[in-house]
Structures are given as C-alpha cells and as structure tokens.
Amino acid sequence: MWWSGCATYEHKALQSSFENPDGSPACASYFAANGQLDPAALRRIGAALVARGVPASAVPTSAPQVVGFTCLPWANVAHAGRRTEQRRTEREWSGTAKLAYRWSDAVMTYVSAARGYKAGGFNLDRVQSSDGLSSGVQGILPVDDTAFPGEFVDSYELGAKTSWLGGNLLLNAALFYQDFSDFQLNNFLGTSFVVRAIPSVVSRGIDTELLWQGAMPGLMVQGGLSYTDTAYGDDPLPDADLALLPGSRLSFAPRWSANLSVSYEHALGNRMTGRFNVGAKYVSEYNAGSDLDPQKAQPGYTVLNARLGIGADDKRWMLEAWAENLGNETYRQIVIDAPLQAGSWNAFLGAPRTYGLTLRLRY
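Each residue of the sequence shown is one higher than the one before, counting from 1 in the working numbering.
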C-alpha cells in the first residue's frame, strides 16, 4: 500500500478590463489538494482511490460604459454607468475509485467510478433578460447576477484489456455512463457568448481500440471505434434560444466515430531508415450549433492524413513530407448565428488540405 499527494495554489488576474472597487485588477484564487491511495487487496486484484478538494473563489467587478442606439447587449443604454460586484466561493470534492482483476496474463478487466467537478464562474459579456434575472427570457433589462454554478459529473466505466498472439495484438473495450448536472454550455447569442447551466445531461456508449503488429517487422496497425448516445435532460429551459435542447442529442456529439492508421518502418541501409503513416478519421453526423438549429447540422465526413519520412537510424535527424486532409474535405466545426443578420450563419471550418516538409534534428 502506498500514498502520494501534492497541493497547488494559484492566484491570477483575469484577462479582462474588469477591476475591483479599489482599482486593483479582478482576480481569482484556486487551491487544490491531490492524493492517491493504491492498496493491493489480493495478488490479482488492484484498487485505487483518488480524491481532490477544490475550494475556489472569484470577485469580478465591472463598470461598463456604452453609447447606445439599439437593444443589443453591447449597445443597450441601460448598461451605461452601471456598476456591479459579484462573489462566489466553492468548496467541492472530486475523486475516483477503481478495481481491476487480472484473469490471466492476457486478460484484465476493471470497473471504475468517478466524481468530476468543474468550478462555476461568471459571464463577463453583458447579459440581459426580460426580468433582470439570469433565468428570464429574452429582454433588455441588465442582469446583475451573471454567475453560473459548478458542473458535476458522476461517471462509471466497465472495461477489458486483452493481449493476443504473443502480445502482438491488443484489443480493449470499455462501456461508460456519465451523468452531468448543471452542464456548462457556452452559447453564442449572436453578439455575445453566455454560459448557461443545463440541469442534466447523460452520455453513454462504448469505446473499442486495437493495436496490431508482428505480421512483418516494422508494420503497425492501430484503430478505434466509438458509439456514444448523448442527451440533454427533459427539463424545459427558460431561454427561447435553447428551446430545442430538452431531450435532444448534444451539440458537437457524433453518434459514431472511428479511426484507422497504418505505419511502416524499414531500414534502407547506410544507417538510414524510411517510414510512412497513413491514417483516416471518420465522424458521423452532428449538430455544430449550441442551440441545435437544424441549419447547423454537419453531415458525416472522413479526413485522411499521410506522412512519409527518411532519417538516421539513431533518429538524430528525420526529414518528413506530410499532408493533412488529403481529400480536402469541407466540414464545419462550429456554426453560429451571424451577428446582426437574421437568417444567416457563420461557421468555423476545419482546416483544408495542408501539406509541407518537416526537418527534425536531435543533438
């Protein structure tokens, strides 16, 4: 049995123009104590328990000045000269417990449970609603309390790690279940970003992976396949922009994802080595908007990457030619409502076909 642990403290100024009443910059303080207890219960049974305590506090103060001409948050005259101060302190624990059993040298199974925590915070963009409360619907009354609560997740995993063909083939699989409360969704409102706390979110599925080598020296095949079923809770949300969320699949959450790559390395003589890698990544359809607007749906796509290199046997140098997104696939990572243009959308696209040369030196 052994125990290890550490403690960290961080105090930093917020990267913004907000300041405290005495003129000092707005800041946040964090303290975390971390430790791990790892007893060996039986010869083939291992267990681990990890705990983490994270009290955190932050005090943002703002005094915005605007010249208004519309009801938009960044130009609403009701924000002019308004001074607010908010404070929140959180003290929470997070941790994990694991139990593993090795059935043989080739098969090991495990089960784990964990409690995760993400600290709450404050929306630094101007927020307004119909009644001046963060829970209100769209309106023009400034919201003084822009805080959002901490996010929690209870997660469980049941998995197996196996080895075959004398260790040349590794097959792993895991079932997982995650239950979120106060899920922090960063929502773009057309002119500003606001974090909303979604009461409940559930994610469950299966991850599989393989690694195969040994068919011929220097050849390696790696791959993985995942199925994920995610859903927002059925709780109705006050914000009209999020009316499509209850009971729906999460934004940016494809149901299927897969990857496969083949690598090969071979001696060329004269103390030289050649290597190449070809890989593909597939993602099924998902919605790229935080509000699940049907116009923001992204069809499934596949991205191909390749790399070819030559270098010294001792890896003191390596010259590689590489290309990413060989098929020049166009896909949208994030789609947002175009500011001040109703019925229009803007998108952050994935990188197009990119290629180049890389020289690596080690000395």
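By construction, the Cβ of each residue, glycine as well, lies at the ideal position given by its N, Cα and C atoms.
Item	Value
Spatial neighbours of residue 379 in its chain, beta-carbon cut-off 6 Å, leaving aside the 5 residues before and after	Outside the shown range of the chain, which is 1 to 363, sits residue 379, and nothing can be said about it.
Nearest residue (CA-CA) to residue 224, options 323, 192 and 208	208
Secondary structure, beta strand (DSSP E): runs of 3+ residues fully inside the region 69-138	88-102 and 107-118
Selected residue, minimal CA-CA separation from residue 226, among 254, 108, 262 and 242	254
Member of 304, 170 and 313 whose CA lies at the smallest distance from the CA of residue 326	304
Residues near residue 354 by beta carbon distance below 6 Å, same chain, minus five either side	324
Closest by C-alpha distance to residue 301, when choosing among 313, 294, 309 and 285	285
Reduced DSSP secondary structure (H/G/I, E/B, other) of residue 184	strand
Three-way DSSP call (helix, strand, coil) for residue 312 in this model	strand
Under 8 Å between C-beta atoms of residue 113 and residue 100	no
Contact between the region 160-174 and the region 138-148 (3+ Cβ pairs under 8 Å)	no
Residue span of the beta strand (DSSP E) that contains residue 199, given as start and end	193-213
Rounded Cβ spacing between residue 178 and residue 122 (contact assumed at less than 8 Å)	Residue 178 to residue 122, Cβ: 26 Å. No contact.
Endpoints, beta strand (DSSP E) assigned at residue 229	219-232
DSSP-derived helix/strand/coil call for residue 294	helix
Residue 193: CB within 7 Å of a non-hydrogen atom of the ligand SAM	Ligands are entirely absent from the displayed structure, and the ligand SAM is therefore not among its contents.
Separation of residue 202 from residue 274, as counted between CA atoms	46 Å
Delimiting residues of the beta strand (DSSP E) encompassing residue 323	317-324
Range of the contiguous beta strand (DSSP E) that encloses residue 275	272-283
Given 8 Å, three or more beta-carbon pairs between the region 238-249 and the region 260-274	no
Three CB pairs or more closer than 8 Å across the region 268-282 and the region 311-322	yes
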